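**Student:**
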Amino acid sequence: MKLYTHPFSQHCRRVLMLCGELGVEPELALVSLETGEHKSAEFLKLNPAGQVPVLENEGLVLPESHAIMKYLAARHGAGEWYPAEPAARADVDRWLDWTHTQLNPPIQAIAIHARMGGADSEAGVARSGEKAIEALDILETGLGSKNGIGGTPTLADLAVASTLALYQMCGGELERFPGIAAWFEKFKQRPSFLQTAPVTG
Ligand SMILES: N[C@@H](CCC(=O)N[C@@H](CS)C(=O)NCC(=O)O)C(=O)O
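The sequence shown begins at 88 in this note's numbering and counts up one residue at a time.
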């Protein structure tokens, strides 16, 4: 099993965290986003979107972090990480979709601006900051509800945690969200989180 990955990618990190939680050890193929390797003809054959992560296993070539996590969960008997009971699973899917569509986009925009500079105007970055706060308000309300984030951890907790880690790396603060801050501080102690931290400096 091979995972194409990048150390600063929150989408890769959630997959790697699940691998850590399940004791799965894929071979890692580092893709240089800095040099544009993800847009090379060779890599575009794996993922025409030119993005990491991509998982290769037994003839399967699978982009999309959430699809990869669900595949790993199905293959490795992930139990509570992706519960089989329909209502519980629907809640996990709800928060996974919400992370992709509402939490991640503003945070990714802030990160691209912070890391690459100038990808967005200052007004655009400010708007992304507001959008991130709006999303975090929703998370603060949904936190700890049955099968929401912050109960027995699921794939959705991994998706949210990896995105929040990026938010904090870019200077985002969680003080005004006491529930999220408390949950996240505890979640950060998990070995799977600690072992997937990007090496900076
Ligand atoms: N929906 C995709 C998003 C993947 C994604 O945005 N990957 C970023 C790194 S975090 C990437 O490869 N960006 C390079 C680009 O889009 O050019 C997933 O969940 O895997």
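Cβ coordinates follow ideal geometry from the N, Cα and C atoms, glycine included. Source: prediction; values computed, not measured.
1) Check for me: the alpha helix (DSSP H) holding residue 212 runs from which residue to which?
2) On the CB-based measure, 16 or more other CB atoms within 10 Å of its CB, does residue 157 come out buried or exposed?
3) Can you tell me where the beta strand (DSSP E) holding residue 90 begins and where it ends?
4) DSSP three-state label for residue 144, please.
5) So, helix, strand or coil for residue 32, using DSSP?
6) Tell me whether residue 189 counts as near ligand 1, meaning its Cβ is closer than 7 angstroms to at least one heavy atom of that ligand.
7) For a test of your reading of the model: does the CB of residue 138 fall under 7 angstroms from any non-hydrogen atom of ligand 1? Yes or no.
8) Does ligand 1 have a heavy atom nearer than 7 angstroms to the CB of residue 97?
9) Applying the 10 Å Cβ sphere with the 16-neighbour rule, what's the burial state of residue 97?
10) Any chance the CB of residue 278 is under 7 angstroms from a heavy atom of ligand 1?
11) Suppose contacts are defined by Cβ-Cβ distances below 8 angstroms. Is residue 199 in contact with residue 250 by that definition?
12) To the nearest angstrom, report how far apart residue 118 and residue 99 are at their CA atoms.
13) Can you tell me which of 133, 154 and 138 puts its alpha carbon nearest to the alpha carbon of residue 146?
**Tutor:** According to the structure data:
1) For this step, residue 212 is matched to residue 125 along the sequence shown. First-last of the alpha helix (DSSP H) with residue 212: 209-229.
2) Walking along the sequence shown from the start, residue 157 turns up at place 70. Buried.
3) In the sequence shown, the residue the question calls residue 90 occupies position 3. Here the beta strand (DSSP E) through residue 90 covers 89-92.
4) Within the sequence shown, residue 144 is the residue found at index 57, counting from 1. In the structure shown, residue 144 sits in a strand (DSSP, three-state: E or B).
5) Because the chain is modelled from 88 through 288, residue 32 falls outside the range shown and cannot be assessed.
6) Translated into the one-based positions of the sequence shown, residue 189 becomes position 102. Every heavy atom of ligand 1 is 7 angstroms or more from the Cβ of residue 189, so no.
7) On the sequence shown, residue 138 is found 51 positions in, with the first residue counted as 1. Yes, the beta carbon of residue 138 sits closer than 7 angstroms to at least one heavy atom of ligand 1.
8) Stepping through the sequence shown from its first residue, residue 97 is reached at position 10. Within the cutoff, so yes.
9) Translated into positions along the sequence shown, residue 97 becomes position 10. When all chains shown are included, residue 97 counts as buried.
10) Start at 1 with the first residue of the sequence shown, and residue 278 comes out as number 191. Not under cutoff, so the answer is no.
11) On the sequence shown, position 112 is the one that residue 199 refers to. On the sequence shown, position 163 is the one that residue 250 refers to. Not in contact: residue 199 and residue 250 (Cβ atoms no closer than 8 angstroms).
12) Stepping through the sequence shown from its first residue, residue 118 is reached at position 31. Stepping through the sequence shown from its first residue, residue 99 is reached at position 12. Their Cα atoms are separated by approximately 11 angstroms.
13) Indexing the sequence shown from 1 puts residue 146 at position 59. Here the closest residue by C-alpha is 133.
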